[in-house]
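Q: Residue numbers (this note's numbering), protein chains in the order written: chain D, 1 to 227; chain Y, 1001 to 1227. C-beta atoms are modelled at their ideal positions from N, C-alpha and C, and glycine is treated no differently. Remember, predicted model here, so these are calculated numbers, not experimental data.
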DNA sequence: AACACTACTGACAGATACTGTCAGTAGTTT
DNA sequence: AAACTACTGACAGTATCTGTCAGTAGTGTT
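1) How is residue 1083 of chain Y classed by DSSP in three states: helix, strand or coil?
2) Which of the residues in the stretch 1150-1181 of chain Y, read from start to end, lie with their CB under 7 Å from any CB of chain D?
3) Just to confirm, is the Cβ distance from residue 200 of chain D to residue 165 of chain D under 9 Å?
4) Hey, does residue 1018 of chain Y have any beta-carbon neighbour from chain D nearer than 9 Å?
5) Please confirm whether residue 1181 of chain Y and residue 1171 of chain Y have their CB atoms less than 9 Å apart.
6) Along chain D, which residues have their Cβ under 8 Å away from the Cβ of residue 1043 of chain Y?
7) Report buried or exposed for residue 1151 of chain Y, applying the criterion of at least 16 other Cβ atoms within 10 angstroms of its Cβ.
8) Within 9 Å (strictly less), CB to CB, does residue 1056 of chain Y reach chain D?
9) What residues in the stretch 1071-1084 of chain Y bring their beta carbon closer than 7 Å to a beta carbon of chain D?
10) Note down, in chain order, every chain D residue with its Cβ under 8 Å from the Cβ of residue 1136 of chain Y.
11) Is the distance from the Cβ of residue 145 of chain D to the Cβ of residue 1122 of chain Y below 9 Å?
12) Closer than 9 Å, CB to CB, is residue 1195 of chain Y near chain D or not?
13) Can you find at least 3 beta carbon pairs, one from the stretch 19-27 of chain D and one from the stretch 56-74 of chain D, that sit closer than 8 Å?
14) Is residue 22 of chain D helix, strand or coil when you go by DSSP?
15) Check whether chain D comes within 9 Å of residue 1025 of chain Y, counting only Cβ atoms and requiring the distance to be less than that.
16) As a quick exercise: from Y/1009, Y/1191, Y/1072, Y/1158, pick the residue whose alpha carbon is nearest that of residue 1169 of chain Y.
17) To the nearest angstrom, report how far apart residue 1074 of chain Y and residue 40 of chain D are at their CA atoms.
18) In chain D, what lies closer than 7 Å to residue 1102 of chain Y by C-beta?
19) Say whether the stretch 208-223 of chain D touches the stretch 1029-1046 of chain Y, bearing in mind that this needs 3 or more beta-carbon pairs closer than 8 Å, one atom from each stretch.
20) Considering Cα atoms alone, identify which of D/205, D/158, D/147, D/212 is closest to residue 194 of chain D.
21) Given residue 1196 of chain Y, which residues of its chain have a CB within under 8 Å of its CB, disregarding the five upstream and five downstream residues?
22) At the level of alpha carbons, what is the spacing between residue 48 of chain D and residue 65 of chain D?
23) Could you list which residues in chain D have their beta carbon closer than 7 Å to that of residue 1130 of chain Y, in chain order?
24) Going by C-alpha distance, which of Y/1042, Y/1210, Y/1043 is nearest residue 1148 of chain Y?
25) Mind pulling the chain Y residues with CB within less than 8 Å of residue 191 of chain D?
26) Look at the alpha carbon of residue 1116 of chain Y and the alpha carbon of residue 1160 of chain Y, and state the distance between them as a whole number of angstroms.
27) Tell me where the alpha helix (DSSP H) around residue 113 of chain D begins and ends.
28) If the criterion is Cβ atoms closer than 9 Å, does the pair residue 1109 of chain Y and residue 7 of chain D meet it?
29) Taking CB distances under 9 Å as the criterion, tell me whether residue 213 of chain D reaches chain Y.
30) Just the C-alpha distance for residue 90 of chain D and residue 1078 of chain Y, rounded to the nearest angstrom, thanks.
31) Tell whether a beta-carbon distance below 9 Å holds between residue 1184 of chain Y and residue 1130 of chain Y.
32) Using DSSP with H/G/I as helix, E/B as strand and the rest coil, what is residue 226 of chain D?
33) One question on the structure: do residue 1069 of chain Y and residue 105 of chain D come within less than 9 Å of each other, judged by their Cβ atoms?
34) For the alpha helix (DSSP H) containing residue 1072 of chain Y, list its first residue and its last residue.
35) To which residues of the same chain is residue 52 of chain D closer than 6 Å at the C-beta, ignoring the five residues directly before and after it?
36) Given a cut-off of 9 Å, decide if residue 1004 of chain Y and residue 97 of chain D are closer than it, judged by their beta-carbon atoms.
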C-alpha cells in the first residue's frame, strides 16, 4: 500500500505548495530516497498528471488540471457516448483507447444523479462491413501531422496508376467509408487528398515542413470552404 | 503501477454500476484473482472510500463520493471532437445540436493551454456522400425509445416487399452507411432490425411496452453478443 | 566563468509488497 | 436447504519497488 498512497499524497503535497518543491524535500517528507521520488514523479506524469520539473528549481503542479463536475442532460451524454463509439469503430486501436479514456474521465465527472443516464443509452455505433481497411498506421500518420514531419509514400490513384509522393501532411478527414489524408503536395504544388487505403510504403521523413501561410491547415480548410 | 491504477479503476467501475458488483466479476474485469480484489477493497475502505460490501450481494459505492479525474490530454480532446463531428454528420439536426452543446460544456472546462490544442486539431469528419437519407425523424424515434412507446410503421424489406410492423423500439444502431432501428417485433415475436431509410409512415402509438426480461435492450444486446 | 543546486537516467542487487491458491467461516438470497 | 457471496488467514513464489552509486545536463547564483 505504500506506493499507491504515496503517489496520491505527492499530488496533494504539490498542490498545497505555492513554490516549487525539490525531489530531495519530497524524499524527506515521505521517507524514501530521492531516486524513488524521481520514479514516482515519472509515473505520475505518465498517467497524465501535469507536473513540471525544472533542474535547479524543483517540481510544480498545474492546479487547473482537474476536471470539474459537468452537468449534461441525457441527450448530451448519449451524443458523447455515440461519438466515442464511432471513433472507436472508425479509427485504430490506439486512438480508440484514447477515446475510451476520455469517456471514462467524463463518466467520472458526472454528478451522482446523472450516472443512471449512462444505462439509458440506446444509440450505438456498430463496426461497419463497409469500412475499408488501410495499411498505414493511423496513429503514425497523426503523429507526423502533429510534429509537422514531411512524409513520403506510394499512392495508387483511382485510375490504378501508382506514384511516389512527398507530402506535407495537414489533416485526416473521415469521409466514410474511407479516410482522406490531406496535405500539400510538393510534386503538384497544391493541396491534395489521398485515400488512406490506397497509401503504401508510408515513410516519415526527418525533415520538418515550415508553416507557410498558403500551405497550412487553415489555408486548406479555407479552400474547401470556398468550394 | 498496476496496483495504483487498479484501485482507481475499481472506484470508477463501482461508481458507474447501479447494481451491486461482486468481487468475482471485478476479478474478471481486472484480470486478477478474487482474493486480490478483496484485498484491494479493504485497502480502499481503509483509505476512506465509502464502499459497502454485503455477503450474497456484492459491493456498492456511495455515488456521492467522487474523485475528480485529471484533465484530458491533447489526444483525448481530439478524440472527443472527432466523435462529436461524426455524430453531427450522421444523425439529425437536433441530435447534432445536442452533440455541439455537450462539446461546448467540455470546452468551458479546459484550461488555456488545452484551448490552444483545440486549434491544432487535425482530425475531422466530413459529411459523406454515401450517407443514405431517411424519412423518419431520428429524434422522434429516439423519443419513442426513451419513453418506451410502441411504434407502428410500413417497412420495405430487401426483397422490396412491404409490411406493416408494430415494434417495441429498443435501440438505434449506426451501421454505416445506414441506421438500424432494433426492436421487439410483435408480429414475429423476436428481435428485428429495420433500416431507418426503409421505414415509412412511422407512427408513435400511445401504448407503452412493458420491460420484459427477454424482450428488453439488455436481452437484445446479449443476443448480439452471443452471435 | 565557476559553483552549487537540481532534475533526470541507467544498472544492479536486496528487500518487500503483491498475488494466487487453498481451506474455512459467516451472512444473504432464492 | 442450496447457491451465492463477503471475508480471513497462511504460505510460497514472484513481480515490483527501493536504495545505492555513478554520471549527464539544465538552472540559478556568486
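A: Taking the coordinates as given:
1) helix
2) 1170, 1171, 1172, 1173, 1174, 1175, 1176, 1177
3) no
4) Using a Cβ-Cβ cut-off of 9 Å, residue 1018 of chain Y counts as an interface residue toward chain D, since at least one Cβ of chain D sits closer than that to its own.
5) yes
6) 1, 4
7) buried
8) no
9) 1071, 1072, 1073, 1075, 1076, 1079, 1080, 1082, 1083, 1084
10) Ordered by position in chain D, no residue passes the 8 Å Cβ test against residue 1136 of chain Y, which lies about 14 Å from the chain.
11) Closer than 9 Å, so yes.
12) no
13) With the cut-off at 8 Å, the stretch 19-27 of chain D and the stretch 56-74 of chain D touch.
14) Residue 22 of chain D: coil per DSSP, three-state reduction.
15) no
16) Y/1191
17) 23 Å
18) 72, 76, 79, 80
19) no
20) D/158
21) 1134, 1136, 1138, 1141, 1172, 1178, 1179, 1180, 1181
22) 10 Å
23) Contact of residue 1130 of chain Y with chain D by beta-carbon distance below 7 Å involves 176, 177.
24) With distances taken between Cα atoms, residue 1148 of chain Y lies closest to Y/1210.
25) Under the 8 Å cutoff, chain Y gives no residues; its nearest Cβ is about 14 Å from residue 191 of chain D.
26) In a straight line, the C-alpha of residue 1116 of chain Y is about 52 Å away from that of residue 1160 of chain Y.
27) 112-115
28) no
29) Contact with chain Y is absent for residue 213 of chain D, since none of that chain's Cβ atoms lies less than 9 Å from the residue's Cβ.
30) 14 Å
31) no
32) helix
33) Result yes, Cβ atoms of residue 1069 of chain Y and residue 105 of chain D sit closer than 9 Å.
34) Residue 1072 of chain Y -> no alpha helix (DSSP H), and no H or E assigned at all.
35) 60
36) no
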